[in-house]
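Here is the structure we will look at.
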Ligand code: PSU
Ligand code: MN
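In my numbering, the protein residues as written are -15 to 290.
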């Protein structure tokens, strides 16, 4: 007989936290499987989890392992995920095939939103969301439509700088996703603090973010709240320098005819190579920072939710 209920597996830690109402923070895994090199990806995954715990919440790294959606990973599972090669990059459309074929993969922002929402998690930390690609306005990340449909607080450093940021913000406006600058009035540019583009609201404390989210959802609106946090000052890179590098990576992607899901990982890897790792450093620092802010917001939110 056909069974049509996707199976979820929780770590004991996540299950107990759910029962005891300890706030949870979802973490994505495409950044581990398709973003960062080994062993930095393993270290980052552990460090992000530690940041979340240090600030009073329980981390739930989400991934698909042999066709099962995992909410929370053991250290052994994490290690095998980050070491594996040829894994799927799992966005909304990829769950069905991955589950049916018992494949493994990292979940993107879109994929993580879907799984985290189904698991009852309300806060999610990532690096940068996907969005509208430059020079290819038809290439819009599936992250955006999922942000429109899943009521979670998503903590990020804006959208990836390789994207068309003004177009991405326009699309978020169309989709009704509030873009809340956290202690900033400006939408960050992932590696850089400045994009010159305004956010739609500003919040200066985790409590303010929680209030905005609850007011939004209280109206029956069910989109995500995008919380944009500037990358930490010590590692952030000047926006001007990044532009040249991004332009070069985009040109190479065009020449090599990189398409579909491969575009974002290719561009990020090239930018990292071209900057002699300083963008990798910035990427790691902002991910950790976002994990901390997300934990603080999850704690504030849990005080307001019965
Ligand atoms: N970080 C990386 N590489 C990636 C991603 C993150 O270093 O590929 C993922 C994120 O999970 C994001 C996704 O959700 O890229 C967007 O990909 P696309 O543009 O194909 O939708
Ligand atoms: Mn795409």
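Glycine included, every Cβ here is placed at the ideal spot set by N, Cα and C.
Identity of the residue in the options nearest residue i by Cα
| i | options | result |
| --- | --- | --- |
| residue 133 | 229, 200 and 224 | 200 |
| residue 215 | 152, 12, 289 and 166 | 166 |
| residue 278 | 1, 22, 44 and -1 | 44 |
| residue 287 | 231, 204, 195 and 22 | 195 |
| residue 1 | 12, 37, 80 and -9 | 37 |
| residue 186 | 211, 198 and 202 | 211 |
| residue 71 | 51, 60, 127 and 59 | 51 |
| residue 264 | -9, 23 and 3 | 23 |
| residue 21 | 272, 261 and 276 | 261 |
| residue 266 | 242, 219 and 245 | 219 |
| residue 59 | 83, 227 and 32 | 32 |
| residue 256 | 73, 280 and 221 | 221 |
Cβ shell of residue i (< 8 angstroms), same chain only, five flanking positions each side left out
| i | result |
| --- | --- |
| residue 68 | 17 and 88 |
| residue 247 | 117, 123 and 237 |
| residue 274 | 109, 110, 111, 139, 140, 141 and 213 |
| residue 258 | 229, 232 and 233 |
Test item: CB-CB of residue i and residue j under 9 angstroms
| i | j | result |
| --- | --- | --- |
| residue 19 | residue 252 | yes |
| residue 15 | residue 111 | yes |
| residue 184 | residue 162 | yes |
| residue 39 | residue -6 | no |
| residue 328 | residue 270 | Residue 328 falls outside the range modelled here, since the chain spans only -15 to 290, and no answer is possible. |
| residue 137 | residue 34 | no |
| residue 148 | residue 115 | yes |
| residue 91 | residue 13 | yes |
| residue 8 | residue 41 | yes |
| residue 205 | residue 135 | yes |
| residue 99 | residue -8 | yes |
| residue 159 | residue 207 | yes |
| residue 131 | residue 97 | yes |
Near the ligand PSU: residue i beta-carbon under 8 angstroms from a heavy atom
| i | result |
| --- | --- |
| residue 15 | yes |
| residue 94 | yes |
| residue 294 | Only positions -15 to 290 of the chain appear in this structure, which leaves residue 294 out of reach. |
| residue 125 | yes |
| residue 265 | no |
| residue 286 | no |
| residue 248 | yes |
| residue 101 | no |
| residue 117 | yes |
Neighbourhood of residue i by C-beta, 7 angstroms cutoff - its chain only, sequence neighbours within 5 removed
| i | result |
| --- | --- |
| residue 236 | 254 |
| residue 56 | -6, -5, -3, -2, 44 and 45 |
| residue 150 | 181 |
| residue 5 | 286 |
| residue 276 | 35 and 39 |
Closer than 8 angstroms: residue i CB and nearest the ligand MN heavy atom
| i | result |
| --- | --- |
| residue 110 | no |
| residue 245 | yes |
| residue 148 | no |
| residue 90 | no |
| residue -2 | no |
| residue 152 | no |
| residue 114 | yes |
Close beta carbons around residue i, own chain, < 6 angstroms, minus the five adjacent residues each side
| i | result |
| --- | --- |
| residue 293 | Coverage of the chain is limited to positions -15 through 290, which leaves residue 293 absent and any answer about it impossible. |
| residue 171 | 142, 179, 181, 183 and 212 |
| residue 174 | 112, 141, 142, 144 and 145 |
| residue 243 | none |
| residue 74 | 48, 82, 89, 91 and 95 |
Any non-hydrogen atom of the ligand SAH within 8 angstroms of residue i CB
| i | result |
| --- | --- |
| residue 12 | Judged by which ligands are present, the ligand SAH is missing from the structure shown, whose ligands are the ligand PSU and the ligand MN. |
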